[in-house]
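See structure below.
Protein chains in written order, with the working numbering: chain D, 260 to 490; chain C, 1266 to 1668.
Written out as structure tokens, the structure is:
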């Protein structure tokens, strides 16, 4: 399984509605992300980036196509081959445009809850949450509520949470959109380090053209199809 | 990690205010049952405290508490002749409303048959029992009288020799305990002019009658005090209370007295039932319906509050689902908050009730039985009211966290 790619999506198609109201949001979308690789997915609004991300994130299954994660076939068309919720919990981390932290939990608790949900004991969860925050330079803000953190700090906590369960894949949907260019670049570099150091496959959906040099590969999406652009 | 507690801590001010609101609502529910208990306790107080086995009242009446009863005072002598009867006491009860020191004094006058009964069953706060047949009284503190104070009722003044508390009639008025003769004096007190007019009328009637013409001395006698007139009936009391010997058979004693055609007879338990099924029954139903209504309102308000609290957390719930939280985790979050809100509301209701209910004009009695019952009701409505929030939380999809 170690030699297998982190994500392998083949011929994904997503159709909403039927008959006269049928809309094809994604068609023949394929992507292969190796372990330790970070890829960017570019494209204008409405091009199907979010549809692709929610499909490979096992949130919104495609109408057809296959998705393998860590070499394991998890979706064959819309048919789940595994327990999607459980698989998602263990193997996929999400980072969003906004940090999306739970407002009533501290930075540490936001990471800790992801571990507890995955069956870690309270003490182990706490220790690992502190380790992750320390790794991302947030240890000194561990007890702060999200409202007391800057946008960049919140995004680091969100990344710590995404990393909590040592996922095979991290899916990031415009994670720097709410940050200034300096912080945005820092976050992108952080993703690259995580991919390279943890062996995680990272897909970042972004509009930000300024930090494209951090990516190992760049894909572009238009009208529901993905095209490889450059390495 | 307990998400419910974390969320409450984060929104502590709102939670406290919500709990106070729920608490005040529950206090009203608690108060309703307390008022009901108070009415029952007040209504049956005298029957329970006086410790009689049998009550003799006027024929075909449900007196003396459920309706008016008049029987001759000398019935006590007749009752004492029945085998098994050890004590026969006269009992008088009526309500007066007078002025005392410029203030309204509304009081239920209870006459105890001194010296057989000097009121030793009355729980005294201060002072003493009745020591003489006239001009002394024991007052409930709700009457606003003080120990040693003298009040004028009719032509006589009465000294407060003892103070008691929680001695309230079924009408909610404080009780003043007098001897039977004083209680009757207060009840039948007539102004001098009325007495003179009655005596004149009595003389006129005798003068017109054959008896008056044949026996002129009767004309002189008719203008004397009532007690000098042998033909007039003896004074009337409300009822006669009998105490039986331990070996006596209550049914046999009642059978004998039921044979007398001028009275009705009840056991203390029957007297209690008559009172509760009579004057208290409608109040009980009314309060019971209000209680049900308030409980339903509390449940609806709690459901709306929990629903609103859930709406505020929908994004966090979607996020929890996205990172793999089971439905049980979100269900637990809402259910725990509902139970904590219910428990906090109940605690506040009890605390506020303890402070506020004693200020009410009538007694509000919080019995353990009622408190446990309400706790169970609060537990059930907390669970039921969380269903709306839980239903909403279950509708949330993980991808809503992406919006």
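All residues carry an ideal CB built from backbone N, CA and C; glycine is no exception.
Beta-bridge pairing by DSSP links residue 283 of chain D to D:274.
Between residue 1590 of chain C and chain D, the shortest Cβ-Cβ separation is below 9 angstroms. Of the other Cβ atoms in all chains shown, 16 or more fall within 10 Å of the Cβ of residue 1317 of chain C; this residue is therefore buried.
Taking 9 angstroms as the cut-off between beta carbons, the residues of the stretch 1564–1581 of chain C near chain D are 1578, 1580 and 1581, in sequence order. Not one beta carbon of chain D lies nearer than 9 angstroms to the beta carbon of residue 1279 of chain C.
A distance below 6 angstroms between beta-carbons, with the five flanking residues on each side excluded, links residue 1314 of chain C to the following residues of its chain, in chain order: 1386. Here the alpha carbon of residue 347 of chain D sits roughly 24 angstroms from the alpha carbon of residue 301 of chain D. Nearest to residue 369 of chain D by C-alpha distance, out of C:1362, C:1380, C:1271 and C:1406, is C:1271. Counting C-beta pairs closer than 8 angstroms gives three or more between the stretch 474–483 of chain D and the stretch 300–319 of chain D, which meets the contact rule. Residue 1556 of chain C has its alpha-carbon roughly 40 angstroms from the corresponding atom of residue 1586 of chain C.
Taking 9 angstroms as the upper bound on Cβ-Cβ separation, chain C lies near residues 420, 421, 423 and 424 of the stretch 408–430 of chain D.
As the crow flies, the alpha-carbon of residue 1439 of chain C is around 32 angstroms from that of residue 1345 of chain C. Counting only the Cα atoms, residue 488 of chain D lies some 22 angstroms from residue 325 of chain D. By the CB criterion at 9 angstroms, residue 1470 of chain C and residue 1487 of chain C fall inside the cutoff. In chain C, no part has a C-beta under 8 angstroms from the C-beta of residue 435 of chain D; the shortest such distance is about 16 angstroms. With respect to the C-alpha of residue 357 of chain D, the residue from C:1539, C:1580, C:1623 and C:1443 having the closest C-alpha is C:1580. Buried is the label assigned to residue 397 of chain D, since at least 16 other Cβ atoms lie within 10 Å of its Cβ. Residue range 1592–1621 is occupied by the alpha helix (DSSP H) that includes residue 1592 of chain C. Each residue's CA atom was taken as its position, placing residue 1311 of chain C and residue 1414 of chain C some 24 angstroms apart. Residue 1582 of chain C places its beta carbon less than 9 angstroms from that of residue 1661 of chain C.
Beta-bridge analysis with DSSP links residue 1358 of chain C to C:1375.
Residue 1400 of chain C sits in coil when the DSSP states are folded into three classes, being neither helix nor strand.
Secondary structure of residue 1581 of chain C (DSSP, three-state): helix. Using a Cβ-Cβ cut-off of 9 angstroms, residue 331 of chain D is close to nothing in chain C; its nearest Cβ partner there is about 17 angstroms away. Taking a Cβ-Cβ threshold of 7 angstroms, the residues of chain D close to residue 1272 of chain C are 363, in chain order.
Judged by DSSP in its simplified three-state form, residue 1662 of chain C adopts coil rather than helix or strand. Residues of the stretch 1599–1610 of chain C with a C-beta atom less than 9 angstroms from some C-beta of chain D do not occur.
Residue state for residue 1649 of chain C is assigned as helix, using DSSP reduced to three classes. When only Cα atoms are considered, residue 1326 of chain C and residue 1527 of chain C end up about 11 angstroms apart.
The C-alpha of residue 1417 of chain C lies about 6 angstroms from the C-alpha of residue 1423 of chain C. With 16 or more other Cβ atoms from the protein chains shown falling within 10 Å of its own Cβ, residue 1530 of chain C counts as buried. Within the same chain, and ignoring the five residues on either side of residue 1437 of chain C in sequence, the residues whose Cβ sits closer than 6 angstroms to its Cβ are 1627.
For residue 381 of chain D, the residues of chain C that pass the 8 angstroms Cβ criterion are 1266, in the order they occur in the chain.
Looking at the backbone, the Cα of residue 1536 of chain C and that of residue 1329 of chain C are separated by about 9 angstroms. For residue 328 of chain D, the three-state secondary structure derived from DSSP is strand.
Taking all protein chains in view, the Cβ of residue 1561 of chain C is surrounded by fewer than 16 other Cβ atoms within 10 Å, so the residue is classified as exposed.
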